[in-house]
Structures are given as structure tokens and as C-alpha cells.
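These notes are about the structure you will find just below.
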Amino acid sequence: MILELRNIYKNYQQGKMEVPVLKDISLQVEEGEYVAIMGPSGSGKTTLMNIIGCLDKPSSGIYKLAGENILDYKDKQMSEVRLNSIGFVFQSFNLMQRQSAVENVALPLLYAGVPKKERRRIATAALERVGLGERIDFKPTQMSGGQNQRVAIARAIVNNPKIILADEPTGALDSKSGEQVMELFHKLNEEGATIVMITHERDIAEHAGRILHIKDGELYDEDEKGNKIIHREEVDA
Ligand SMILES: Nc1ncnc2c1ncn2[C@@H]1O[C@H](COP(=O)(O)OP(=O)(O)OP(=O)(O)O)[C@@H](O)[C@H]1O
Ligand SMILES: [Mg+2]
């Protein structure tokens, strides 16, 4: 089990009120799985993603990543987990505009202390994996949205993370570029990557091996008839 969330709650303080945003969420993802989480705006998708991505902690619950109890970690350990174990892909790419593709992709390696020459070699290989071997010295402004997202995906995989987390990875793309990004996710998944992807588009979610839904902070499956199956943890594994 690569990812295990048990009875996760997240509340935000709004003045004197505690507003619940995630309500008793339990989720298990096996290594090599490709899971999509669908839900409308405000349903808690990004909040959940931030918890899975170790950018935020829940108000209560258990979170294990590759068997490690992440919530026991201090901030510094959390950032190490982010750097070494998680590859992030965002809707808006989040690339450094003044840096070339290869420099952008090499950034996580820089933070990880990899020497310069090695960085360029590894980053170039990651760009080749996403089909951008010919564009390594291009800057974000010199590339299309779809190409920029592929640079961001190369950056996400450059450290061989345990899991790729994507928050609306096709949200800023036209449908053709979106399809290319989905093809790339398929390829990475076939090569063994575990992917958790957030989207509100059914067409995009259908690329995943399993689709979950989140609504008003509750995570659920649908059965064949479209009825909710709420995920609650019954057994203590
Ligand atoms: N820092 C915060 N403080 C208070 N409330 C917050 C905070 N962050 C998020 N919320 C609330 O939590 C709820 C879920 O927000 P979240 O960003 O997770 O939604 P989302 O599903 O990602 O939406 P979208 O599809 O629009 O990105 C919203 O009602 C939002 O107002
Ligand atoms: Mg969001």
C-alpha cells in the first residue's frame, strides 16, 4: 500500500466557527494504481491534495505514505518527503518563466543536492521521457501550453517519486493537448508510476483505472447504478 488515509478530517477556522471541509475521508491506493478524484468546485479537492502532498496537515486522522506515519513528521521532514517521494503537477504548470525547460526540470535535483553536470543529464533524460528531448533549452514562453505541462511532468518525475499528484492537470489546456497529457500519464503509469489525479471533467477522469468522487468534503465511489458508496474504514489493518 503506497498511500493510506484513515478518517481524515480537516476544519478551517472562520472567525469563531470551525468549518469542516474534509469529513471522515478514508482512501487506500496501491502502488502502480492510477486514481482520479472528481468533484465540483469547493468540494475539498485541493484541500485533500495538499494533505496527500504533505503541504498541509489534517485536523485529525491517519496518513501513511509507503508505510510511514507522515503526520508524526516535523515540517523539515515533511519537505523532505515532498522532495523525494512526491511529484506535483498543477493546473497552471508553475514553471519558472526565465528558466529553460532543462533548468526547470533540474530544480528538484538542485534542492536534492545533485551536482550540476548530473542534474543536466538526468533532467534531459526526463524531458526525453515526455517527448521534449528537442526542446530542452526552450523557455516556457517559447512553448505551447501542452509542452509546458509536459515540462512540468518531467519535473514531477525527475526525482523518481513514489507518487505523482496532479491537480487539474488538463484544466488550462485545449482538448488536444489535454489528450497528449493523458497519453503521457498512461505511459508513466504503465512504467509503474502511481498517479492520483484531480479533475472535474468526466472524460479526463475516465483515463484513470479507478474513479472516486468528492462532494461536500466526503469521498465516495459510485456503484453501477450511480448510487453513493461512502468510504469509511471498518477494519483496522
Ligand atoms: N485556508 C482556508 N481557510 C478557510 N477555508 C478554506 C481554506 N482553503 C479552502 N477553504 C474552503 O474549503 C472548501 C474546499 O476548498 P478547496 O480549495 O479544497 O476546493 P476545490 O474542490 O479544490 O475547489 P476548486 O475546484 O474550485 O479548485 C471551500 O469551501 C473553501 O472555501
Ligand atoms: Mg482546487
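Numbers in my numbering are just positions in the sequence shown, counted from 1, shifted up by 37.
Glycine included, every Cβ here is placed at the ideal spot set by N, Cα and C.
**Message:** Let me confirm a value: residue 229 is counted as buried when at least 16 other C-beta atoms fall within 10 Å, else exposed. Which label applies?
**Reply:** To locate residue 229, count along the sequence shown from 1; it is residue 192. Under this definition residue 229 is an exposed residue.
**Request:** Could you tell me which residues DSSP pairs with residue 247 in its beta bridges?
**Result:** Looking up residue 247 in the sequence shown gives position 210. DSSP lists 72 as partners of residue 247.
**Message:** Judging by CA-CA distance, which residue of 80, 70, 77 and 89 is the nearest neighbour of residue 42?
**Reply:** Residue mapping note: residue 42 aligns to position 5 of the sequence shown, counting from 1. Of 80, 70, 77 and 89, the residue nearest in Cα terms is 89.
**Message:** I believe residue 126 touches residue 206 by the beta-carbon criterion, under 8 Å. Please report the beta-carbon distance rounded to the nearest angstrom.
**Reply:** In the sequence shown, residue 126 corresponds to position 89, counting from 1. In the sequence shown, residue 206 corresponds to position 169, counting from 1. Residue 126 to residue 206, Cβ: 5 Å. Contact.
**Request:** Helix, strand or coil for residue 274, going by three-state DSSP, please let me know.
**Result:** Translated into positions along the sequence shown, residue 274 becomes position 237. Low confidence applies to residue 274: its pLDDT is 46, below 50, so where it sits in the model is not reliable, and the reading given next is rough at best. Assignment of residue 274 by DSSP, reduced to helix, strand and coil, places it in the coil class.
**Prompt:** Who are the Cβ neighbours of residue 272 in its own chain at under 6 Å, not counting the five residues just before and after it?
**Reply:** As a working mapping, residue 272 is identified with position 235 in the sequence shown. Model confidence at residue 272 stands at a pLDDT of 49, short of 50, so the residue's coordinates are unreliable; what they give is reported in the following sentence. Contacts found: none.
**Request:** For my contact list, residue 163 and residue 194 are in at a C-beta cut-off of 8 Å; report their separation, rounded to the angstrom.
**Result:** For this step, residue 163 is matched to residue 126 along the sequence shown. For this step, residue 194 is matched to residue 157 along the sequence shown. Rounded, the Cβ-Cβ distance is 6 Å, consistent with contact.
**Message:** Considering only the alpha carbon of each residue, which of 244, 255, 252 and 253 lies closest to residue 72?
**Reply:** Here residue 72 refers to the residue found at position 35 of the sequence shown. Taking only the C-alpha atoms, the option nearest residue 72 is 244.
**Asked** For ligand 2, which residues count as neighbours when the test is a C-beta closer than 6 Å to any heavy atom?
**Response** Matched residues: 82 and 83.
**Message:** Taking its Cβ as the centre, do 16 or more other Cβ atoms sit within 10 Å of residue 111, making it buried, or is it exposed?
**Reply:** Position 74 of the sequence shown holds residue 111. Classification for residue 111: exposed.
**Prompt:** Straight-line CA distance for residue 85 to residue 214?
**Reply:** Here residue 85 refers to the residue found at position 48 when the sequence shown is read from its first residue. Here residue 214 refers to the residue found at position 177 when the sequence shown is read from its first residue. Using only the alpha carbons, I get a separation of about 26 Å.
**Asked** If you measure from the CB of residue 237, is any heavy atom of ligand 1 nearer than 8 Å?
**Response** Indexing the sequence shown from 1 puts residue 237 at position 200. Yes, the Cβ of residue 237 comes within 8 Å of a heavy atom of ligand 1.
**Asked** Using 9 Å as the limit for Cβ to Cβ distance, is residue 242 near chain D?
**Response** Any reference to chain D falls outside this structure, which holds one protein chain only.
**Message:** At a cut-off of 8 Å, would you count residue 18 as near ligand 1, judging by its Cβ distance to the nearest heavy atom?
**Reply:** Here the chain covers residues 38 to 274 and nothing more, so residue 18 does not appear.
**Message:** Can you find the residues in the same chain that come closer than 6 Å, C-beta to C-beta, to residue 217, ignoring five residues on each side of it along the sequence?
**Reply:** Your numbering for residue 217 matches position 180 in the sequence shown. The residues are 183.
**Prompt:** What are the start and end residues of the alpha helix (DSSP H) that includes residue 84?
**Reply:** Counting from one through the sequence shown, the residue named residue 84 turns up at place 47. In this chain, the alpha helix (DSSP H) harbouring residue 84 covers 82-89.
**Asked** So is the beta-carbon of residue 117 under 8 Å away from any non-hydrogen atom of ligand 1?
**Response** Numbered from 1 along the sequence shown, position 80 holds the residue referred to as residue 117. No, Cβ of residue 117 sits at least 8 Å from all heavy atoms of ligand 1.
**Message:** Between which residues of its own chain and residue 93 is the CB-CB distance below 7 Å, once the five residues before and five after are set aside?
**Reply:** For the purposes of this step, residue 93 is taken as the residue at position 56 of the sequence shown. Answer for residue 93: 87, listed in chain order.
**Prompt:** residue 16 by DSSP, collapsed to three states: which one?
**Reply:** In the structure as shown, the chain begins at 38 and stops at 274. Residue 16 is therefore absent and cannot be evaluated.
**Own chain partners of residue 274 with C-beta closer than 7 Å, once the 5 adjacent residues on each side are dropped** = Mapped onto the sequence shown, residue 274 falls at position 237. Note that residue 274 has pLDDT 46, beneath the 50 cutoff, so the model's placement of it is unreliable and no number is given.
**Asked** Which runs of the alpha helix (DSSP H) fall wholly inside the region 107-157 and span at least 4 residues, in chain order?
**Response** Those alpha helix (DSSP H) runs which fall completely within the region 107-157 and span 4+ residues are 112-122 and 138-148.
**Message:** What does DSSP give as the partner residue(s) for residue 224 in the beta ladder?
**Reply:** Counting from 1 along the sequence shown, the entry for residue 224 is found at position 187. Looking at the DSSP assignment, residue 224 forms no beta bridge with any residue, so it has no partner.
**Proximity winner among 132, 66, 196 and 47, relative to residue 181 (alpha-carbon distances)** = Looking up residue 181 in the sequence shown gives position 144. Taking only the C-alpha atoms, the option nearest residue 181 is 132.
**Item:** Supposed contact pair residue 74 and residue 251 - C-beta distance, whole angstroms, cut 8 Å
**Value:** Within the sequence shown, numbered from 1, the residue matching residue 251 stands at position 214. Within the sequence shown, numbered from 1, the residue matching residue 74 stands at position 37. Taking 8 Å as the upper bound for CB-CB distance, residue 251 and residue 74 are in contact here, some 6 Å apart.
**Request:** Along the beta strand (DSSP E) that carries residue 65, what are the first and last residues, could you check?
**Result:** Residue 65 sits at position 28 when you count from the first residue of the sequence shown. Residues 54-66.
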